[in-house]
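Heads up: the sequence lines are chains A and B, in that order. Residues in the first sequence are numbered from 1 upward in steps of one, following my numbering. Residues in the second sequence are numbered from 206 upward in steps of one, following my numbering. From the three backbone atoms N, C-alpha and C, an ideal C-beta is built for every residue, glycine too.
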Amino acid sequence: MNKEKFLKELEKKLKVLSPEEKQDILNEYEDIITEKVKHGKTEEEAVKEFGDLNSLSEEILKSYKIDPKYQKGGNDFLSDCEDLIKKGAQKLTEVTEEVVDSIKKSEKDMDLEMIFEMVIKIVLLLIGIGFLHIPFWIIKEIGQSILEGLSFGHMFFFQGNVIILLWKILIEVAYVAVCALFVLAILKKSVPHSDKENAKKKKKL
Amino acid sequence: MKKGVLELIVLLCVKKKDRYGYELIEEVSKVVDVNDGTVYPILKRLTNEKYFDTYLVESTEGPPRKYYKMTTLGLEKLEEQLKIWKVFSSSVTKFIKECEKSE
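Spelled out as structure tokens, the structure:
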């Protein structure tokens with residue numbers, strides 16, 4: 001394989017990375033091959049010394065904490081869940097920071113009226129969350145009756161109860177997740193975006 | 206076995222002197238016979254994890270070269286890896302001696 005082909009193949013494998021990172025890595029490899037050629041090797045020899053391209057790209061992706069499976073376009077359910085959790089955590093951190101910063105900014109203007117406003121908002125939020133529970137409760141009850149109807153006579157008492165318990169847990173978890181998203185959405189709306197925020201984000205990246 | 210100690214060697218090389226990619230690979234190959242493909246990912250990972258910093262140096266012969274240098278975090282990591290290596294190598298050496306004695 002010559003330099004051109006190697007770099008093209010590597011680029012394909014690193015597709016999942018940001019363009020800057022990908023280009024950075026490709027540049028580095030190009031430099032290394034160029035140096036080796038300067039020191040007397042052929043392009044083929046230089047590329048061969050890197051070993052297997054697949055293991056190479058896997059190792060590179062691992063250093064970004066990216067599951068190498070991504071390069072094959074694998075849509076693992078588990079890795080999707082992991083992603084969701086990571087994104088959720090990220091979002092939560094982002095919004096919390098925004099809220100904290102906006103509070104810091106408005107500290108000097110913080111007066112009784114603002115405090116009452118915040119309290120009322122929080123109360124409304126809690127009421128909203130309470131109402132949100134209703135559809136989930138309905139689903140839970142319906143599901144439970146169905147399961148009870150099914151398990152009657154078919155399963156042992158214990159197994160049936162376990163399944164019902166699992167169903168309840170599932171619904172509760174779904175409810176909590178929706179609540180979290182609801183709260184995030186509300187918080188995001190009520191927090192004004194400042195230039196400071198964008199600057200901070202850029203710095204982090 | 207070689208892979209485990211590769212990180213230690215890369216850390217030591219960069220501590221000794223700021224390096225660019227090709228230079229580092231050459232240095233490491235002198236110490237351990239591994240294929241170059243394994244060295245760069247380690248370099249990348251250590252950089253991503255903030256053990257190394259990078260800077261560019263203009264080159265008359267072509268595009269600017271990226272140099273890798275040690276950070277304070279990297280020095281701590283190096284100390285940690287050195288300790289682990291010393292414990293590991295001394296207990297393995299000790300065990301080998303015991304086995305050879307009893308032969």
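Residues that residue i contacts on chain B, provided the C-beta gap is smaller than 9 angstroms
i: A/E44; result: Those do not exist, as A/E44 stays about 14 angstroms from chain B at its closest Cβ, beyond 9 angstroms.
i: A/G130; result: Near A/G130 there are no residues of chain B at all, since even the closest Cβ is about 44 angstroms away, more than 9 angstroms.
i: A/E141; result: Under the 9 angstroms cutoff, chain B gives no residues; its nearest Cβ is about 50 angstroms from A/E141.
Assumed close pair residue i, residue j - CB separation to whole angstroms, cut-off 8 angstroms
i: A/L125; j: A/V183; result: 7 angstroms
i: A/K36; j: B/Y227; result: 7 angstroms
i: A/E11; j: A/K22; result: 7 angstroms
i: A/V95; j: A/K188; result: 6 angstroms
i: B/V215; j: B/L229; result: 7 angstroms
Contact list for residue i against chain B, beta-carbon separation under 8 angstroms
i: A/E113; result: The contacting residues do not exist; A/E113 stays about 45 angstroms from chain B at best.
i: A/K36; result: Y227
i: A/E49; result: N240, D241, G242
i: A/S55; result: G242
i: A/E28; result: G226, Y245, K271
i: A/E4; result: Simply none; closest approach about 17 angstroms.
Contacting residues, own chain, Cβ-Cβ under 6 angstroms from residue i (five flanking each side not counted)
i: B/L251; result: F257
i: B/R270; result: Y225, V262, S264
i: B/E212; result: I247
i: A/D101; result: none
i: A/I122; result: none
Close beta carbons around residue i, own chain, < 8 angstroms, minus the five adjacent residues each side
i: B/T276; result: K255, Y256, F257, D258
i: B/V233; result: L211, I214, V215, C218, V239, V244
i: B/L287; result: L213
Bridge-paired residues (DSSP) for residue i
i: B/G267; result: B/S264
i: B/R250; result: Answer by DSSP bridge pairing: none, since B/R250 is not bridged.
i: B/F257; result: B/M275
i: B/Y156; result: Given that chain B is displayed from residue 206 to residue 308, the structure contains no residue 156 of chain B and the question cannot be resolved.
i: B/Y225; result: B/Y272
Close Cβ partners of residue i (< 7 angstroms) along its chain, the five nearest in sequence each way excluded
i: A/D31; result: none
i: A/K91; result: L184
i: A/L7; result: L26, Y29, E30
i: B/L223; result: The amino acid at residue 223 of chain B is misidentified as Leu; the sequence shows Asp. Cβ neighbours of B/D223 beyond the five flanking positions: Y272, Y273, K274.
Under 8 angstroms from the C-beta of residue i: neighbouring residues of chain A
i: B/E273; result: As written in the sequence, residue 273 of chain B is Tyr, which differs from the Glu given in the question. Chain A residues near B/Y273: none, gap ~10 angstroms exceeds 8 angstroms.
Closer than 8 angstroms at the beta carbon, the chain E residues around residue i
i: A/L17; result: No chain E is present in this structure, whose protein chains are A and B.
Contacts that residue i makes with chain A (C-beta to C-beta distance below 9 angstroms)
i: B/G267; result: D31, T34
Check: residue i C-beta below 8 angstroms from any heavy atom of the ligand GTP
i: A/I139; result: The model depicted lacks the ligand GTP and carries no ligand whatsoever.
Per-residue contacts from residue i into chain A (C-beta, under 7 angstroms)
i: B/K288; result: By Cβ distance, chain A contributes nothing, its closest Cβ being about 23 angstroms from B/K288, past 7 angstroms.
Worksheet item: Name the residues in the region 229 to 245 of chain B whose C-beta lies less than 8 angstroms from a C-beta of chain A; which are they?
Response: I230, N240, D241, G242, T243, Y245
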